[in-house]
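Engineer: Here it is, the structure in full.
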């Protein structure tokens with residue numbers, strides 16, 4: 349089954365993700381487990397979304413640990429970390445050591461186009477020019493303990 353599972357947590361713009369990538373929108377653990385690729389989109393509060401994601405914790409972590417291609421978009425990426433300043437006491441998926449921290453010294457949310465520079469080769473950047481512009485709307489960023497996991 350060649351399928352992308354877009355994890356439905358009742359938040360975010362799932363239809364646009366499906367339009368861009370294809371696949372199915374689902375919260376069914378069986379369909380997520382059977383998918384060849386998984387996308388975890390997200391807009392919202394770290395703690396509230398983790399509560400909704402908790403029943404799928406095992407199937408998502410198993411898929412990632414098995415090497416299944418996985419894309420976390422915005423909050424979907426942040427949830428892969430251990431914790432977030434946005435929701436003290438809420439436990440993330442813990443796939444990566446580190447935490448999600450609020451921008452300091454700048455107006456938030458940060459909204460606008462910014463250039464992204466590759467720190468290392470990454471399949472996600474194939475076909476994207478160095479210094480390409482991406483649009484951001486965020487107040488938090490991931491701060492991993494191991495900076496070698498940062499692609500750009």
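In the numbering used here, the protein residues as written are 349 to 500. All C-beta atoms in this analysis are idealised placements derived from N, C-alpha and C, irrespective of residue type, glycine included.
Assign residue 432 to one of three DSSP states: helix, strand, or coil.
Structural biologist: Strand, per DSSP.
Engineer: To the nearest whole angstrom, what separates the beta carbons of residue 416 and residue 385, a pair I think is in contact under 8 Å?
Structural biologist: Right, the Cβ-Cβ distance comes to about 7 Å (below 8 Å), so this counts as a contact.
Engineer: Is the beta carbon of residue 430 closer than 8 Å to that of residue 450?
Structural biologist: Against a cut-off of 8 Å, the Cβ pair of residue 430 and residue 450 comes out as no contact.
Engineer: Could you tell me the distance, in whole angstroms, from the CA atom of residue 377 to the CA atom of residue 412?
Structural biologist: Cα-Cα distance, rounded: 14 Å.
Engineer: What separation, rounded to the nearest whole angstrom, lies between the Cα atoms of residue 405 and residue 444?
Structural biologist: Using only the alpha carbons, I get a separation of about 14 Å.
Engineer: So, under 8 Å CB-CB, residue 472 and residue 421 are touching, yes? Tell me the CB distance rounded to an integer number of Å.
Structural biologist: So it is not a contact: roughly 11 Å between Cβ atoms.
Engineer: Who are the near neighbours of residue 397 in its chain, counting only those whose CB is closer than 7 Å to its CB and skipping five residues on each side?
Structural biologist: Contacts found: 357, 359, 390, 423, 427.
Engineer: Just to confirm the assignment, what range does the beta strand (DSSP E) spanning residue 462 have?
Structural biologist: Residue 462 -> beta strand (DSSP E) spans 458-463.
Engineer: Can you tell me which residues form a DSSP beta bridge with residue 490?
Structural biologist: Its beta-bridge partners are 448.
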